[in-house]
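All residue numbers for the sequence shown refer to our numbering, where the first residue is 6 and numbers rise by one.
Glycine included, every Cβ here is placed at the ideal spot set by N, Cα and C.
Since this is a predicted model, take the numbers as computed values, not measurements.
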Amino acid sequence: MSAESDALWMPRALDLAAQAIGISEPNPRVGCVIVGANGQLLGSGSTQHKGGPHAEIVALRDAQARGHATQGATAFVTLEPCSHHGRTGPCCDALVAAGIGKLVASIGDPNPLVSGRGFERLHAAGVEVKVGPGAQQARALNIGFFSRMVRQTPWVRMKVAASLDGRTALDNGASQWITAEAARTDGHAWRARASAVLTGIGTVLEDNPQLDVRLVECKRQPWLVIVDSRLETPPDARLFLPGRQVLIYAAVRDAAKEAALAARGATIIHMPGPAIAGRTKVDLAAMLADLAARECNEVHVEAGSKLNGSLLREGLVDEMLVYLAPKLIGQGRGMADVGPLTSLADSMALEFLSVEPVGADLRILARGIGRDQF
């Protein structure tokens, strides 16, 4: 297979990997295409739900169902095949058993249980291994998985809907709707790709939101995570949806409140941090580490200015997803209460990844400089 073949087949594998968004959590989003020596497509697939087959297995089964032999074929896969027994068996062993002659992979797997071992086992079995095509795209698709494996913390994306002058609500709290329907639908698509939606108790009490994915197709609802230091979440809040996993991080203990919330299916995690002005708050960095330990890859923040400000001040936000409406509100609530800075050098430096119109509004995706260097 030539560089021309890489340019033809790896984009198809990356498209398949993108189809695993909202499905494969907590596993990475992976696509695989198997091509015969004559350039014929034999089979393809993407990683399925937790505990289900990985992309390589789906592609091999697809080839078998089509009646194609895979002896001597080339497998194009967007991530190093796994080499360990987890919820499923090693994909590299399945590829060897299927007689695959060459593997073209976009990037190595950052999981310490794999991390080069898959390539080594394939090479030892006589499979030619090539790594590199599509590496940037494959990593971007799995930035949360890479973050969890390398940094032991999820990738944190903060979503904000604001007016052109940076206001997220009027002084009285009214915010529905600053942006138009197209932007709201797009925002739900970003929710759908996250492992968890994170909000604060202020938003829960003020808006009584559901914070689920409703406006786009979604096969797996993300968890809902609430920062609720004093366990003030009402047991009758609209966020308690059937079958949904709700995690509430608290700084205090209250047996009666915990029992009422647990009865609604919530999991209460005590994560107190140091007291600030006499009040104990949730340790946000420890909370994110705990979410990573629970196999959470991407956190999508939809919160008020106080929690947004706390996350930003502590340097816990990797990326900003901002929808700007062509409106001027004037006095109102801001995006984040970070407090006054004494120097511009203390500001969070960002780089624009994309600036695109979404309906009547503008979507800005901006990443903290150097946040993805891990």
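Task: Residues bridged to HIS275 (per DSSP) - done: Checking the DSSP bridge columns, you'll see HIS275 partnered with ALA255.
Task: Reduced DSSP secondary structure (H/G/I, E/B, other) of ILE62 - done: ILE62 falls in the helix class under three-state DSSP.
Task: LYS135: first and last residue of the uninterrupted beta strand (DSSP E) it sits in - done: Note, LYS135: beta strand (DSSP E), 133 to 136.
Task: Rounded Cβ spacing between ARG318 and VAL287 (contact assumed at less than 8 Å) - done: Rounded, the Cβ-Cβ distance is 14 Å, inconsistent with contact.
Open item on the list: Contact between the segment 32 to 42 and the segment 76 to 91 is defined here as three or more beta-carbon pairs at a separation below 8 Å; is this criterion met?
Closed with: The count of Cβ pairs closer than 8 Å, one atom from the segment 32 to 42 and one from the segment 76 to 91, reaches three, so the stretches are in contact.
- [ ] Please name the residue or residues paired with LYS107 in a DSSP beta bridge.
- [x] Paired residues: THR79 and GLU133.
Task: Spatial distance of LYS55 from VAL40 (CA atoms) - done: For LYS55 and VAL40, the distance between alpha carbons rounds to 26 Å.
- [ ] Would you mind reading off the limits of the beta strand (DSSP E) that contains TRP195?
- [x] Careful: TRP195 lies outside any beta strand (DSSP E), inside the alpha helix (DSSP H) at 186 to 197.
Task: Continuous alpha helix (DSSP H) stretch holding CYS223: start and end - done: Here CYS223 belongs to no alpha helix (DSSP H), and DSSP marks it neither H nor E.
Open item on the list: So, at 7 Å on beta carbons, what are the nonlocal neighbours of ASP11 in its own chain, with the 5 sequence-adjacent residues on each side left out?
Closed with: Only VAL109 and PRO138 meet the Cβ criterion.
- [ ] Please report how far the alpha carbon of ILE105 lies from the alpha carbon of THR75, in whole angstroms.
- [x] The alpha-carbon atoms of ILE105 and THR75 are separated by roughly 6 Å.
Open item on the list: Excluding the 5 residues flanking GLY178 on each side, which residues of the same chain have their C-beta closer than 7 Å to its C-beta?
Closed with: Here GLY178 has GLU211 as same chain residues with Cβ atoms under 7 Å from its own Cβ, once five neighbours each way along the sequence are excluded.
- [ ] Would you mind stating whether CYS223 and ALA197 have Cβ atoms separated by less than 8 Å?
- [x] If you check the CB distance, CYS223 and ALA197 come in under 8 Å.
Open item on the list: Using the three-state DSSP reduction, which class does VAL35 fall into: helix, strand or coil?
Closed with: DSSP places VAL35 in coil when its eight states are reduced to three.
- [ ] Count the CB pairs spanning the segment 341 to 358 and the segment 148 to 162 that are closer than 8 Å, and state whether there are at least three.
- [x] Touching, no, given that fewer than three Cβ pairs across the two stretches are closer than 8 Å.
Task: Reference ILE369; option with closest CA among ILE28, ALA271, ARG258 and SER168 - done: Nearest C-alpha to ILE369 among ILE28, ALA271, ARG258 and SER168: SER168.
Task: Contact the segment 301 to 315 vs the segment 202 to 211: 3+ CB pairs below 8 Å - done: Under the three-pair Cβ rule at 8 Å, the segment 301 to 315 counts as touching the segment 202 to 211.
Open item on the list: Tell me which residues share the same chain as ALA271 and place their Cβ nearer than 6 Å to its Cβ, disregarding the 5 neighbours each side in the sequence.
Closed with: Only residues of its own chain outside the window of five on either side were considered, and among them VAL251 and ILE253 have a CB closer than 6 Å to the CB of ALA271, listed in chain order.
TODO: Report yes if the C-beta distance between LEU146 and ALA22 is below 8 Å; otherwise report no.
DONE: LEU146 places its beta carbon less than 8 Å from that of ALA22.
TODO: Tell whether a beta-carbon distance below 8 Å holds between ALA201 and PRO227.
DONE: Going by C-beta atoms, ALA201 is nearer than 8 Å to PRO227.
Open item on the list: Among the candidates ASN313, LEU46 and ALA294, whose CA atom is the shortest distance from the CA of THR79?
Closed with: Nearest option by C-alpha distance: LEU46.
Task: Limits of the unbroken beta strand (DSSP E) element including VAL363 - done: That run of the beta strand (DSSP E) goes 355 to 363.
TODO: Tell me, to the nearest whole angstrom, how far the beta carbon of VAL82 is from that of ALA18; I am working on the premise that it is less than 8 Å.
DONE: The C-beta distance from VAL82 to ALA18 rounds to 6 Å, short enough to fall under 8 Å.
Open item on the list: Please report the distance separating the alpha-carbon of ARG144 from that of ILE26.
Closed with: Their backbone Cα atoms lie some 13 Å apart in a straight line.
Task: Residues near LEU296 by beta carbon distance below 6 Å, same chain, minus five either side - done: Here the set comprises PRO159.
Open item on the list: Let me make sure I understand the geometry here. Which of LEU367, LEU316 and ALA371 has the alpha-carbon closest to that of GLU356?
Closed with: When each option's Cα is compared against that of GLU356, the closest is ALA371.
Open item on the list: What would DSSP say about HIS305, mapped onto helix, strand or coil?
Closed with: Taken through DSSP and simplified to helix, strand or coil, HIS305 comes out as strand.
Open item on the list: Relative to the C-alpha of GLY364, which candidate in VAL119, ALA185 and VAL132 has its C-alpha closest?
Closed with: The shortest Cα separation from GLY364 among VAL119, ALA185 and VAL132 belongs to ALA185.
- [ ] Verify whether the separation of the beta carbon atoms of SER315 and LEU289 is less than 8 Å.
- [x] Going by C-beta atoms, SER315 is nearer than 8 Å to LEU289.
TODO: Label GLU361 either buried or exposed according to how many other C-beta atoms from any shown protein chain fall within 10 Å of its C-beta, with 16 as the threshold for buried.
DONE: Exposed: under 16 other Cβ atoms inside 10 Å.
Task: C-alpha gap between HIS73 and ILE28, whole angstroms - done: C-alpha separation (whole angstroms): 27 Å.
Task: Coarse secondary structure for GLY205, derived from DSSP in three states - done: DSSP places GLY205 within a strand segment (E or B) once states are collapsed to three.
Task: ARG189 and LEU229 closer than 8 Å at C-beta - done: Contact flag unset, no.
- [ ] Output the residue ranges of the alpha helix (DSSP H) runs that lie fully inside the segment 306 to 341 and measure 4 residues or longer, sorted by chain position.
- [x] Those alpha helix (DSSP H) runs which fall completely within the segment 306 to 341 and span 4+ residues are 310 to 318.
Open item on the list: Less than 8 Å between the C-beta atoms of ALA68 and GLY36, yes or no?
Closed with: Contact: no.
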